[in-house]
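Student: Going by this note's numbering, the sequence shown opens with residue 139, and the numbers climb by one from there.
Ideal Cβ positions, reconstructed from N, Cα and C, are used throughout, including at glycine.
Since the structure is predicted, the reported quantities are computational estimates derived from the model, not experimental observations.
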Amino acid sequence: MAKCLDEGVDPTHMCQSLVDRISRSRALNSIAEPELLPLFEDWLEELEKEFVRQAEKSQSSDAALMAEKLGLSMAGAQFLKAKLEQEGKI
Numbered sequence: 139m140a141k142c143l144d145e146g147v148d149p150t151h152m153c154q155s156l157v158d159r160i161s162r163s164r165a166l167n168s169i170a171e172p173e174l175l176p177l178f179e180d181w182l183e184e185l186e187k188e189f190v191r192q193a194e195k196s197q198s199s200d201a202a203l204m205a206e207k208l209g210l211s212m213a214g215a216q217f218l219k220a221k222l223e224q225e226g227k228i
């Protein structure tokens with residue numbers, strides 16, 4: 139999974155931007171192809187599952203540790219941690 143995320147694309151920025159747009163679904167529908175939303179949602183769901191799995195395995199949801207394990211930037215790991223905590227998943 140880390141290799142896919144380590145191709146010069148900052149998943150944190152992309153994720154935060156798309157999550158913001160998803161929350162404003164009308165705006166998203168006017169600027170994005172309808173096929174992109176399910177792809178993003180699938181990717182984010184898989185990334186979240188892996189974050190939770192790694193957090194359970196290591197008994198820690200430390201953002202620095204998750205960034206290393208998942209190949210994310212620190213900001214990306216912090217974003218996912220906060221999102222998952224808010225949703226009660228970790």
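If we count the other Cβ atoms within 10 Å of its Cβ and call it buried at 16 or more, is P149 buried or exposed?
Tutor: Numbered from 1 along the sequence shown, position 11 holds the residue referred to as residue 149. With 16 or more other Cβ atoms within 10 Å, it is buried.
Student: For Q216 and F178, what's the separation of their Cα atoms in angstroms?
Tutor: Along the sequence shown, one-based indexing puts residue 216 at 78. Along the sequence shown, one-based indexing puts residue 178 at 40. One C-alpha to the other measures close to 19 Å.
Student: Does the Cβ of K207 have 16 or more other Cβ atoms within 10 Å, making it buried, or fewer, making it exposed?
Tutor: On the sequence shown, position 69 is the one that residue 207 refers to. Buried.
Student: Take E194 and list the residues in its own chain whose beta-carbon comes closer than 7 Å to its own, dropping the five residues that flank it on each side.
Tutor: Position 56 of the sequence shown, counted from the first residue, corresponds to residue 194. The answer is none, since no qualifying residue turns up.
Student: Identify, in the order they occur along the chain, each residue of the same chain with its Cβ nearer than 7 Å to the Cβ of F189, setting aside the five sequence neighbours on each side.
Tutor: As a first step, residue 189 is located in the sequence shown; it is residue number 51 there, counting from the start. Here the set comprises M204, L208, L218 and L222.
Student: Quick check: what's the CA-CA separation for A140 versus S211?
Tutor: Along the sequence shown, one-based indexing puts residue 140 at 2. Along the sequence shown, one-based indexing puts residue 211 at 73. Note that A140 scores a pLDDT of 43, beneath 50, so its modelled location is shaky; the value from the coordinates is reported in the next line. If you take the alpha carbons of A140 and S211, they lie about 11 Å apart.
Student: By the 10 Å Cβ neighbour count, where 16 or more other Cβ atoms means buried, how is G226 classified, buried or exposed?
Tutor: By one-based count along the sequence shown, residue 226 stands at place 88. Exposed, since its Cβ has fewer than 16 Cβ neighbours within 10 Å.
Student: Have a look at R191, S196, C153 and Q197 and flag the residue whose alpha-carbon is nearest the alpha-carbon of D180.
Tutor: Counting from one through the sequence shown, the residue named residue 180 turns up at place 42. D180 has its Cα closest to that of C153, out of R191, S196, C153 and Q197.
Student: Is E225 helix, strand or coil when you go by DSSP?
Tutor: Locating residue 225 in the sequence shown gives position 87, where the first residue counts as 1. Here E225 sits in coil by DSSP.
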